[in-house]
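Chemist: Numbering (our numbering), first residue to last: 862 to 1592.
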Amino acid sequence: MDRPALALARRSLTCATALLAAGLGSTALAAGFDANTGTVSLEGSALAWSLDSLDALPAGLQLTAHDVDGNPVEPRTLSAWFSDATTPSIEGKSALWLGKRIDRLLFAFAQPERFTGRRVEISFWLQPRRVSASGTLAWILEGEREPLLGLIRFMPTGRRTDDGWMELTSGPVDFALGGRLAPLFVIRVERAPRGGYIGTDREGFVLLDALAVTDLGEAAVPGARCTLVTEQAACGELGACHLGRCCDSAPVFGPLPPEGVRGQYVDRRSFEVHHFFGNRTVDRNIGRFDAEMEQARAASSPRVFWSAITRAYEHLEDGHGSPPYPTMTERPAIGMCVHHGEADRLPASAEDAIARLPLVFWVDPSVPAASRLEIGDVLETVDGLPVDEWKALAGSRISHYGSPLAREVTVAPAIPAAAMRTGSKLGFVRCPQAIGQARRCAANELKRFEIDLYALGAEALWRGDASGWLDDRVGCDNRFQRIGGPEPRAGYMHVASEDDGDVRIIEFNGVPHPSWAGAWVDVVQGALQPTSSRFLLDERVGYGGVFDTVDLLAVPFLDPNLSVTAEIFPVIGRELDAATRDRFIECDRGMLSLFKQCGSYFSYHTGAMFPSEYGRLRDAKAALLVSLDVSGNDYLTRLHKFRPGLSRVFGPCPTYGAFGSVYGLSSYLGELSGGSAQLGDSFIYAGEGPPDFVWESGPGVAPDEVVFQTQGDLLLGRDTLVERAKAWLRE
């Protein structure tokens, strides 16, 4: 692996900044660790570095060191940072200080063939001195783009000493991904802040010692060709079908926590959900969550463990909730956007029977996987299975954490990407445009074809050829037509406005904070003028945001005599009653500090952020288009429900149903992210109140009119939702 590959490893791994947990784990003893003396022996290791000196580095490892700014460190400088006799090590005579001068160590295996076909475990010891360190194995393919095909973040084993030394491990893993690709090994200082007001000392150090590579025997997973359908039989319990080949599932799903730590990890994640998650849907779904977490506790495979964790969080139906993410991988471009729609040009057993399937909305013909596709094609099968059957088999590879009523719509765009990750075949059916513009196709008029994603995207990677690697240029945005042309615009800050005759269209993907979205606010304010009386608010991919811009998009349409309030309450371990509600309100009104905390209670009143806009468009009609809309977009859609007859919601499904604030959760085992939770739930009511004590989170805001994009309209170049909304506005 040459220097450019190592440079890419640095870039790819910069985003992996989760801190390992210093207190999680058992006190079980490991081979080579003497609990009485607190020392480690490296005897029996296949490859080891005592870290007594740079000269002690084994010939089987190639090392490049960098400082905190990414500059290479000369060997002479590195040698100066080995500890002296005044600093006790855990093995040998010395240890290595990491800090700003020596920020990261990148190791390449000089003789990877030595471990190809073998199963290994890599470990090292560290002693934090105001900062900690992390370890990562990364399987990166050489080439101009250098894609990241697998990643393992090291975990604490639970072995530690009373003076602060602790051991990190990769866990057992097949050395060569898919039997072919050797990893890089990175150790780096972890000094990133972890949310709120908690950070680390940028001037701190961490001691590193006793690096060992243990040979555990033959590789556990055969490097066989596979599909998702054959995964279990072809790859075995420890394997996963990744880019069409059997691979150890640890670099794909995340490593299996060590046995002494696994149960504690499940307990800690379960504790968070039981005590902190404030979305009241959690209460009715907690039994299903607990059952899946017990499956994780008993798991002996990385794939089984992390799949159970993901399913558990899905069962909560918390639109702000998400599981921890232990790893990341990249995939080749798919070059297509598919969305759940009505295949009204396919033959049907009855005249009014219309199948709802993923329809092709957009194609990038420069991407091989999409070059044969046309707008209006219908995704019918994956690996020979009907789409719904394949989705069920895919399990945690296709996830959704909000209202179950929105699942079919929100997961459809993820199907091609998941299929690429497993090297699948997509089966499409086409009703030729010349026919489909006028009527249904007869069975003998249909054209069926398959796209082999393994042959078009993954096969070359396993040959070591990344020369054809492409990234997807755009993200999908749930629409067929949009302002400015056919290319999807899924960026969070997207906003655009134009008039279609007497209808003013405003497109946006979220409700960002005005302090860093001034241009966004200018576009919206410029469009929300009484020069029109018909407004189409196209929420597209509504990623949420803040009440400030929810206020901007809602209060112009509300009657000035109507005040709407949202009260957000934390979970309190029992049902909320009127007396407790009053105590929260009293606390909130009495706290003048900028950092007021009334158990995370807060309230929003319409007009609080943009009072001058209140009621300017109160007689105007407003059509809202929804598809994937969460948090701030949930609130915006809900507020327009207080305008019966004047505002109308169109879409194929409800919003996510996430009425609260989202919080990031801690990483305990070196995960890239600890996941997230909604720590409160909302009452929303008009007037002085009090509320009726019905929680908002859960099913989401239902559309007033359920509308799917139709295949016939795709073939005619029409956006079904936009056209139906404009028709209502003009009634």
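For every residue, glycine included, the Cβ atom is placed at its ideal position computed from N, Cα and C. Here the structure is a predicted model, which is why all the values come from computation and not from measurement.
1) Quick check on the DSSP output: the alpha helix (DSSP H) that includes I1366 runs from which residue to which?
2) Indicate whether T852 and I1013 have their beta-carbon atoms separated by less than 8 Å.
3) DSSP three-state call for G1011: helix, strand or coil?
4) Apart from the five residues on each side of it in sequence, which residues of its chain come closer than 7 Å, Cβ to Cβ, to L915?
5) Ignoring anything shorter than 4 residues, give me the alpha helix (DSSP H) runs that lie fully in the stretch 1441 to 1521, in order along the chain.
6) For P1349, which residues of its own chain have a beta-carbon under 7 Å away from its beta-carbon, when the five flanking residues on both sides are left out?
7) What separation, rounded to the nearest whole angstrom, lies between the Cα atoms of A1095 and V1082?
8) Out of T1571, E1592, L1419, S1464, which one is the CA nearest neighbour of S1522?
9) Since T1088 and C1102 are thought to touch, with beta carbons under 8 Å apart, how far apart are those beta carbons, to the nearest angstrom?
10) Taking the runs of the alpha helix (DSSP H) that are 4 residues or longer, which of them lie wholly in the stretch 1251 to 1282?
11) Taking Cβ to Cβ, would you say V1562 is nearer than 8 Å to F1511?
12) Leaving out five residues on either side along the sequence, give the residues of the same chain with a beta carbon under 7 Å from the beta carbon of P964.
13) Name the two residues that bound the continuous beta strand (DSSP E) containing M1027.
14) Using a 10 Å radius around the Cβ and a threshold of 16 neighbouring Cβ atoms, would you call V992 buried or exposed?
15) For A1380, which three-state DSSP category applies?
16) Give me, in chain order, the residues of the same chain whose beta-carbon lies closer than 6 Å to that of G953; leave out the 5 immediate sequence neighbours on both sides.
17) Using the three-state DSSP reduction, which class does G1403 fall into: helix, strand or coil?
18) Span of the alpha helix (DSSP H) holding K1587?
19) Starting from A994, follow its DSSP beta bridges and name the residues at the other end.
20) Counting only the same chain and skipping the five closest in sequence on each side, list residues whose C-beta sits under 6 Å from that of E1566.
21) What's the C-alpha gap between Y1315 and E1241?
22) On a Cα-Cα basis, can you pick out the residue from L1254, L1590, L1045, H1374 that is closest to G826?
23) Hey, G1468 and D1420: beta-carbon distance below 8 Å or not?
24) Under the assumption that R1206 contacts G1578 (Cβ atoms under 8 Å), give the Cβ distance between them as a whole number of angstroms.
25) For the alpha helix (DSSP H) containing I1147, list its first residue and its last residue.
26) Where does the unbroken alpha helix (DSSP H) through I1312 begin, and where does it stop?
27) Quick check on H1181: does DSSP put it in helix, strand or coil?
28) Assign N1140 to one of two classes, buried (16 or more other C-beta atoms within 10 Å of its C-beta) or exposed (fewer than that).
29) DSSP on Y1174, reduced to helix/strand/coil?
30) So G1084 packs on A1319, CB below 8 Å; how close in whole Å?
31) Taking its Cβ as the centre, do 16 or more other Cβ atoms sit within 10 Å of T1018, making it buried, or is it exposed?
32) Buried or exposed: which applies to A882, given that a residue is buried once 16 or more other Cβ atoms fall within 10 Å of its Cβ?
33) Short check: CB of R1309 to CB of G1288, under 8 Å?
34) Would you mind reading off the limits of the alpha helix (DSSP H) that contains Q1539?
35) Where DSSP assigns a beta bridge to G1284, which residues make up the other side?
36) Who are the near neighbours of Q1294 in its chain, counting only those whose CB is closer than 8 Å to its CB and skipping five residues on each side?
Modeler: Straight from the coordinates:
1) Against the sequence shown, residue 1366 aligns to sequence position 505. Element bounds for I1366: not the alpha helix (DSSP H) but the beta strand (DSSP E), 1364 to 1369.
2) The structure shown does not extend to residue 852, since the chain spans only 862 to 1592, so no value can be given for it.
3) Reading the sequence shown from its first residue, position 150 is the one you call residue 1011. If DSSP states are grouped into helix, strand and coil, G1011 belongs with the strands.
4) Stepping through the sequence shown from its first residue, residue 915 is reached at position 54. Once the five neighbours on either side are set aside, the close Cβ partners of L915 are P936, L939, S940.
5) 1493 to 1500
6) As a first step, residue 1349 must be located in the sequence shown, where it is residue number 488. Excluding positions up to five away in sequence, the list reads C1198, W1223, V1335, G1336, C1337, D1338.
7) Translated into positions along the sequence shown, residue 1095 becomes position 234. Translated into positions along the sequence shown, residue 1082 becomes position 221. When rounded, the distance between both Cα atoms is 9 Å.
8) Reading the sequence shown from its first residue, position 661 is the one you call residue 1522. Of T1571, E1592, L1419, S1464, the residue nearest in Cα terms is S1464.
9) Locating residue 1088 in the sequence shown gives position 227, where the first residue counts as 1. Locating residue 1102 in the sequence shown gives position 241, where the first residue counts as 1. With 8 Å as the limit, T1088 and C1102 qualify as a contact, their Cβ atoms being about 6 Å apart.
10) 1268 to 1272, 1276 to 1282
11) Position 701 of the sequence shown, counted from the first residue, corresponds to residue 1562. Position 650 of the sequence shown, counted from the first residue, corresponds to residue 1511. Not a contact, by the Cβ cut-off of 8 Å.
12) Along the sequence shown, read from residue 1 onward, the residue named residue 964 stands at position 103. According to the sequence shown, residue 964 is Asp rather than Pro. H927, D928, V929, R1049, V1050.
13) Start at 1 with the first residue of the sequence shown, and residue 1027 comes out as number 166. Here the beta strand (DSSP E) through M1027 covers 1027 to 1030.
14) Locating residue 992 in the sequence shown gives position 131, counting from the first residue. Looking at its Cβ environment, which holds 16 or more other Cβ atoms inside 10 Å, V992 is buried.
15) As a working note, residue 1380 is residue 519 in the sequence shown. Of the three classes helix, strand and coil, the one that applies to A1380 here is helix, per DSSP.
16) Reading the sequence shown from its first residue, position 92 is the one you call residue 953. Once the five neighbours on either side are set aside, the close Cβ partners of G953 are S911, D913.
17) Mapped onto the sequence shown, residue 1403 falls at position 542. Residue state, collapsed to three classes: strand.
18) Position 726 of the sequence shown holds residue 1587. Looking at the DSSP string, the run of the alpha helix (DSSP H) that includes K1587 is 1581 to 1590.
19) Working through the sequence shown from its first residue, we reach residue 994 at position 133. A994 pairs with V1050.
20) Residue mapping note: residue 1566 aligns to position 705 of the sequence shown, counting from 1. Correct list, in chain order: F1511.
21) To locate residue 1315, count along the sequence shown from 1; it is residue 454. To locate residue 1241, count along the sequence shown from 1; it is residue 380. The straight-line gap from Cα to Cα measures roughly 18 Å.
22) With the chain running from 862 to 1592 in the structure shown, residue 826 is simply not present.
23) Counting from one through the sequence shown, the residue named residue 1468 turns up at place 607. Counting from one through the sequence shown, the residue named residue 1420 turns up at place 559. Cβ atoms of G1468 and D1420: not closer than 8 Å.
24) Here residue 1206 is taken as the residue at index 345 of the sequence shown, counted from 1. Here residue 1578 is taken as the residue at index 717 of the sequence shown, counted from 1. Between G1578 and R1206 the Cβ distance is about 14 Å, and since that is not below 8 Å, they are no contact.
25) Numbered from its first residue, the sequence shown carries residue 1147 at position 286. Residues 1142 to 1159.
26) On the sequence shown, residue 1312 is found 451 positions in, with the first residue counted as 1. From DSSP, I1312 is part of no alpha helix (DSSP H) but of the beta strand (DSSP E) over 1308 to 1313.
27) Along the sequence shown, read from residue 1 onward, the residue named residue 1181 stands at position 320. Three-state result, H1181: coil.
28) As a first step, residue 1140 is located in the sequence shown; it is residue number 279 there, counting from the start. Under this definition N1140 is a buried residue.
29) Walking along the sequence shown from the start, residue 1174 turns up at place 313. Here Y1174 sits in helix by DSSP.
30) On the sequence shown, residue 1084 is found 223 positions in, with the first residue counted as 1. On the sequence shown, residue 1319 is found 458 positions in, with the first residue counted as 1. So it is not a contact: roughly 13 Å between Cβ atoms.
31) Position 157 of the sequence shown, counted from the start, is the residue given in the question as residue 1018. Label assigned to T1018: buried.
32) Working through the sequence shown from its first residue, we reach residue 882 at position 21. Only weak support exists for where A882 lies, its pLDDT of 33 falling under 50; the value from the coordinates is given anyway. Counting Cβ neighbours within 10 Å, A882 comes out buried, since at least 16 surround it.
33) Taking the first residue of the sequence shown as position 1, residue 1309 is located at position 448. Taking the first residue of the sequence shown as position 1, residue 1288 is located at position 427. A contact, by the Cβ cut-off of 8 Å.
34) Mapped onto the sequence shown, residue 1539 falls at position 678. Careful: Q1539 lies outside any alpha helix (DSSP H), inside the beta strand (DSSP E) at 1537 to 1539.
35) Position 423 of the sequence shown, counted from the start, is the residue given in the question as residue 1284. Answer is none; G1284 lacks a bridge partner.
36) Counting from one through the sequence shown, the residue named residue 1294 turns up at place 433. Cβ neighbours of Q1294 beyond the five flanking positions: E1235, G1237, L1576.
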